[in-house]
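This report refers to the structure that appears directly beneath it.
In structure tokens:
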């Protein structure tokens with residue numbers, strides 16, 4: 022059986038489109054307010070867009086989902102052995 026066939030069969034157990042983790046713009050805005058407090062009210066629309074774009078760039082540059090998936094699956098394997 023091929024890799025894709027096995028994955029297709031496993032999707033019967035879970036929703037394959039379910040998001041495991043996400044960062045929303047609201048999350049970014051909340052962190053801006055944590056940093057700036059009421060001074061965040063002085064930000065322009067462009068400032069906010071720039072902040073969101075910089076976070077997007079940082080995530081894309083630093084995020085290696087394969088490494089994180091492997092780490093999670095390693096922990097899962099240990100739990101299965103207990």
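In our numbering, the protein residues as written are 22 to 103.
Note that beta-carbon positions come from the ideal geometry of N, C-alpha and C, so glycine has one too.
Do you know how far the Cα of residue j is from the Cα of residue i?
i: residue 81; j: residue 75; result: 10 Å
i: residue 65; j: residue 38; result: 35 Å
i: residue 44; j: residue 32; result: 24 Å
i: residue 26; j: residue 40; result: 22 Å
Where does residue i fall in DSSP's three states?
i: residue 42; result: coil
i: residue 85; result: coil
i: residue 34; result: coil
i: residue 29; result: helix
i: residue 94; result: helix
Ordered along the chain, which non-local residues of its own chain (more than five positions away) have a Cβ less than 7 Å from that of residue i?
i: residue 61; result: 53 and 54
i: residue 63; result: none
Any alpha helix (DSSP H) of 4 or more consecutive residues that is wholly inside the segment 50-84: Listed in chain order, they are 66-83.
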